[in-house]
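Numbering (this note's numbering), first residue to last: 30 to 100.
Encoded structure:
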């Protein structure tokens, strides 16, 4: 398997794993009536954008590797 495929699949799987972890944590917080403290908006934004950024990075690496014909 080509190295850029390994890297891109690792990034995308990490992103999907982070989404699953977020959903599990959010489900636990919702059933336990737990709330985030005031002022945690930037923290929540980072938690929401990190998995999407990992998936996007994997897509960019895959397309870049395929276009450049890397080994």
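Built from N, CA and C at the ideal position, the CB exists for glycine as well.
Asked                                                                                                    : Found
By how many angstroms is the C-alpha of residue 41 removed from the C-alpha of residue 85?               : 8 Å
Classify residue 30 as helix, strand or coil using the three-state DSSP reduction.                       : coil
Select from 96, 37, 31, 80 the residue whose C-alpha is nearest the C-alpha of residue 51.               : 80
On the three-state DSSP scale, how would you describe residue 57?                                        : helix
Rounding to the nearest angstrom, what Cα-Cα distance links residue 38 and residue 61 in this structure? : 35 Å
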